[in-house]
Every structure is written in C-alpha cells, then in structure tokens.
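Q: Would you mind keeping the following structure in view while I ask a few things?
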Amino acid sequence: MAETNQNQTGGMFDNKSGAQPAPAQQPQQNLSIVQKDVVDTVMSKIKDFESAGELKLPANYSAVNALKSAWLILQETKDRNDKPALVACTKESVANALLDMVVQGLSPMKKQCYFIVYGSKLTLQRSYLGTLAIAKRVGGVKTAVANCVYEGDEFIFSIDPETGLKKIVKHVQTLEGLDANKVKGAYAILVTDDDRVLVEIMNITQIKQAWMQGATKGASPAHKNFGDEMAKKSVIGRACKILIGMSDDSALFDEPDETEVDTTAGQRAAQIEGGANKKHLGPVEDANFEEVKPTAPVQQPAPASSSTQQAKATDENPPY
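Going by UniProt numbering, 260 is the number at position 260 of the sequence shown; the sequence numbering is gapless.
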C-alpha cells in the first residue's frame with residue numbers, strides 16, 4: 001500500500017525551464033535515450049520516496065515492469081491529430097504521468113489505467129479495474145458484488161439512522177424480469193477483510209447521469225446492448241471510491257467523483273483552461289524524438305489516447 005501524499009509528488013520536478021514538446025523528425029535512437037532518461041528519473045524519485053519512508057509500494061508490484069509496459073503502450077498512444085504522444089507531450093508531463101502510475105501501484109497491462117494526451121500534456125486516467133484494485137489494496141476489500149434492480153423486482157433497503165449506512169433488506173427477482181432494457185437501478189456490496197460491509201445504491205437516473213459524463217454520453221454499443229452490466233460497473237466503481245476515500249491514503253488516490261470519465265469533453269475543457277495536468281514533476285531535460293508512423297486509426301483534433309485504448313475505455317471497459 002502506497003503511503004505518501006499526493007502533494008508530496010507534486011512540485012518535486014516543477015518544470016521551471018518551460019519545457020516544450022520535443023520536435024519530430026529526429027533520429028530514431030533518441031527514443032531509447034529518452035526512455036532511459038525518463039524511466040531513470042522516475043525510479044530515482046521513487047527510491048527517494050521509499051528511503052524517506054514516504055512511499056511503500058505493494059509487495060507484489062514491480063515498478064520497473066510497470067514502467068516498461070507503460071513505455072510500450074506510450075509508443076502506440078497518439079493524440080487526435082494522429083501525432084505520437086511521445087512527440088506531442090512534454091517530457092516533464094510524461095515523467096509525471098509515469099510517476100503517478102507507480103505511486104498508485106497501477107499496471108497499464110492489466111487495464112488498470114490509461115494514458116491520455118491533453119494538448120502537450122500526458123495524463124494518467126485510472127480505470128474501473130484500477131479503482132477496484134486500489135479498493136482491495138487500501139480498503140481491504142475481500143469481495144465486491146453488484147446486482148441490478150429490474151422492473152418488477154421486489155427491492156427493499158434500509159438506512160441505519162445512527163450510522164447512515166445502507167442495508168439491503170430484501171431483493172427478489174424473477175427469471176423473466178432480467179431484461180437489460182428494464183433496469184431501475186443497481187447496488188454494490190463490498191465486504192472488507194475485517195468483515196465491514198459497505199452498500200452503495202444508485203437509481204437509473206443517477207446511473208445515466210454518470211454515463212452522460214462519458215465521451216459517448218451512454219450511447220456506446222456496450223451501454224446500449226449491456227446496460228445492466230455497465231450499471232453494475234458504475235455502482236461498484238462509486239462504492240470503491242467511497243471506501244478509498246475512507247482510507248488514510250485517500251489523498252493519494254484522489255479522483256473526480258464520477259463513475260465514467262469523459263475523455264473527450266474533458267480534454268477540450270482542459271485545453272481551454274490550460275491546465276489538464278494538476279500534479280507536477282520537475283525539470284527533466286527535453287529531448288528530440290522521431291515521429292513514428294501511426295499504427296492505428298485515430299480520431300481528430302483535441303487530444304485522446306490511442307485508438308485501441310480509447311475504444312476499450314468508452315465502449316467495453318470505461319475508466320471509472
């Protein structure tokens with residue numbers, strides 16, 4: 001479990017030199033030089049944090065392996081102009097995103113996080129799976145179960161007037177009632193290692209409002225064809241965030257209170273406000289990159305992650 005504070009990561013590498021995106025059309029070998037420079041810088045800071053007792057990574061987490069897999073993914077990540085992320089983004093923001101990933105103990109290969117380009121900034125977006133993994137790690141979640149409430153179900157829940165905690169009193173379903181087009185709501189039940197039980201409930205209006213925060217506005221094939229499964233992800237993601245917020249490391253894992261992130265509108269807003277990346281790494285000398293030939297079709301202006309990642313994030317496994 002990571003034991004540091006988000007504010008401690010910010011400012012360690014504040015970019016006072018006004019680093020600009022590295023120009024394209026430079027020798028290909030520069031990419032490997034930049035990789036070593038950025039990875040070495042991130043690992044150096046991680047070791048500094050650990051030595052100072054400010055960070056403790058999960059026992060089964062390899063920062064080196066996570067950084068290697070992240071770099072492979074970054075080489076295929078492009079912005080909406082079909083420009084490679086490693087060309088479009090400042091080196092400082094790349095290092096910042098990688099440090100954020102390691103501090104949270106996330107693995108991009110396990111789809112626990114995604115890299116998204118915001119103008120000249122690279123940012124890390126935690127996925128639903130990443131939120132669940134952190135909830136298990138810092139919140140001690142033993143089991144996480146979600147169910148939908150359909151039209152015709154007999155569903156009763158109560159709220160303890162002293163603690164404010166919810167409890168499912170009764171839920172009766174019929175086989176005929178299991179219709180993805182007739183979802184009235186959903187609930188998640190988290191059980192921790194010390195047998196605490198956390199129940200979160202959302203009605204369909206709340207769920208759809210969460211979906212509206214997404215790039216597809218809840219109109220993706222996954223939302224249309226598997227609305228019940230997407231509803232379960234929404235409510236279990238919210239429950240996990242509540243549990244994470246109750247942990248001592250909550251500041252470290254602070255995320256917007258949404259169950260689906262809008263990676264398109266969010267990027268536009270970030271460009272308008274001129275500040276997509278809120279955590280800062282310090283000066284890392286910019287290097288030159290060679291623009292890599294696109295390996296997959298990309299969407300247009302404004303930033304986004306690679307087409308493969310973006311499709312997964314918005315349709316099948318949205319970052320929650």
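Note that the Cβ used here is the ideal one computed from N, Cα and C, for glycine as well.
DSSP three-state label for GLU229, please.
A: Indexing the sequence shown from 1 puts residue 229 at position 229. The three-state reading of DSSP puts GLU229 in helix, counting H, G and I together.
Q: Hey, quick one: how far does the beta strand (DSSP E) through ALA135 stretch, first residue to last?
A: Start at 1 with the first residue of the sequence shown, and residue 135 comes out as number 135. Note, ALA135: premise wrong, no beta strand (DSSP E); alpha helix (DSSP H) at 128 to 138.
Q: Mind checking which residues open and close the beta strand (DSSP E) that includes LYS170?
A: Here residue 170 refers to the residue found at position 170 when the sequence shown is read from its first residue. Unbroken beta strand (DSSP E) run through LYS170: 166 to 172.
Q: So, helix, strand or coil for GLY237, using DSSP?
A: Mapped onto the sequence shown, residue 237 falls at position 237. DSSP places GLY237 in helix when its eight states are reduced to three.
Q: So residue 322 and LYS184 are in contact, right, with Cβ under 8 Å, and what is the actual spacing, rounded?
A: Because the chain spans 1 through 320 in this model, residue 322 falls outside it and cannot be assessed.
Q: Could you check if GLN300 is buried or exposed, using at least 16 other CB atoms within 10 Å of its CB as the buried criterion?
A: Residue 300 sits at position 300 when you count from the first residue of the sequence shown. Since pLDDT at GLN300 reaches only 44, below the 50 mark, its modelled position is unreliable, and no value is offered.
Q: If you follow the alpha helix (DSSP H) that THR205 is part of, which residue opens it and which one closes it?
A: The residue given as residue 205 occupies position 205 in the sequence shown. That run of the alpha helix (DSSP H) goes 204 to 211.
Q: Could you check if GLU151 is buried or exposed, using at least 16 other CB atoms within 10 Å of its CB as the buried criterion?
A: Along the sequence shown, read from residue 1 onward, the residue named residue 151 stands at position 151. GLU151 comes out exposed.
Q: Could you give the C-beta distance for LEU98 and ALA70, rounded to a whole number, given that I count them as a contact under 8 Å?
A: For the purposes of this step, residue 98 is identified with residue 98 of the sequence shown, where counting begins at 1. For the purposes of this step, residue 70 is identified with residue 70 of the sequence shown, where counting begins at 1. The pair is a contact, with the Cβ atoms about 6 Å apart (cut-off 8 Å).
Q: Excluding the five sequence neighbours on either side, which residues of its own chain have a C-beta within less than 7 Å of the C-beta of residue 322, listed in chain order?
A: Past the boundaries of the shown model lies residue 322; the chain is included only from 1 to 320, so the question cannot be answered.
Q: Can we say the segment 171 to 181 touches the segment 140 to 157, given the rule of at least three CB pairs closer than 8 Å?
A: Verdict: yes, contact present.
Q: Buried or exposed, going by whether 16 or more other CB atoms sit within 10 Å of the CB of GLY139?
A: Here residue 139 corresponds to residue number 139 of the sequence shown, with the count starting at 1. Looking at its Cβ environment, which holds 16 or more other Cβ atoms inside 10 Å, GLY139 is buried.
Q: Figure out for me which residue from THR77, LYS47 and MET101 has the closest Cα to the Cα of LEU67.
A: Translated into the one-based positions of the sequence shown, residue 67 becomes position 67. Of the candidates THR77, LYS47 and MET101, the one whose C-alpha sits nearest the C-alpha of LEU67 is MET101.
Q: Compute the Euclidean distance between the alpha carbons of THR90 and GLN125, then round it to the nearest angstrom.
A: The sequence position of residue 90 within the sequence shown is 90, counting from 1. The sequence position of residue 125 within the sequence shown is 125, counting from 1. Taking the Cα positions, THR90 is about 17 Å away from GLN125.
Q: Please report the residue range of the beta strand (DSSP E) in which ALA144 lies.
A: Along the sequence shown, read from residue 1 onward, the residue named residue 144 stands at position 144. Run containing ALA144: 141 to 150, per the beta strand (DSSP E) assignment.
Q: Would DSSP call ALA52 helix, strand or coil?
A: The residue given as residue 52 occupies position 52 in the sequence shown. Note: ALA52 maps to coil in three-state DSSP.
Q: Taking the alpha carbon of PHE157 as the reference point, which residue from ALA85, ALA188 and LYS111 has its own alpha carbon closest?
A: Within the sequence shown, residue 157 is the residue found at index 157, counting from 1. With distances taken between Cα atoms, PHE157 lies closest to ALA188.
Q: Note the first and the last residue of the continuous beta strand (DSSP E) segment covering LEU190.
A: As a position in the sequence shown, residue 190 is number 190, starting the count at 1. Its beta strand (DSSP E) spans residues 183 to 192.
Q: Can you list, in chain order, the residues of its chain with a C-beta nearer than 6 Å to that of VAL39? Leave out the 5 residues immediately preceding and following it.
A: Taking the sequence shown and counting its residues from 1, one reaches residue 39 at position 39. Hits under 6 Å: LEU67.
Q: Taking DSSP as the reference, what is the three-state secondary structure of LYS83?
A: The residue given as residue 83 occupies position 83 in the sequence shown. In this structure, LYS83 counts as coil in the three-state DSSP scheme.
Q: With C-beta atoms as the reference, is LEU57 less than 8 Å away from GLN75?
A: Here the question's residue 57 lines up with position 57 in the sequence shown. Here the question's residue 75 lines up with position 75 in the sequence shown. Contact flag unset, no.
Q: Nearest CA to the CA of GLU92: which residue from THR123, THR143 and ALA144?
A: Taking the sequence shown and counting its residues from 1, one reaches residue 92 at position 92. Comparing Cα-Cα distances from GLU92 to each of THR123, THR143 and ALA144, the minimum goes to THR123.
Q: Opposite TYR114 in the DSSP bridges: which residues?
A: Your numbering for residue 114 matches position 114 in the sequence shown. For TYR114, which the question treats as bridged, DSSP gives the partners GLN125.
Q: Within 10 angstroms of the Cβ of ASN65, are there 16 or more other Cβ atoms? Answer buried if so, exposed if not.
A: Within the sequence shown, numbered from 1, the residue matching residue 65 stands at position 65. The residue is exposed, with fewer than 16 neighbouring Cβ atoms inside 10 Å.
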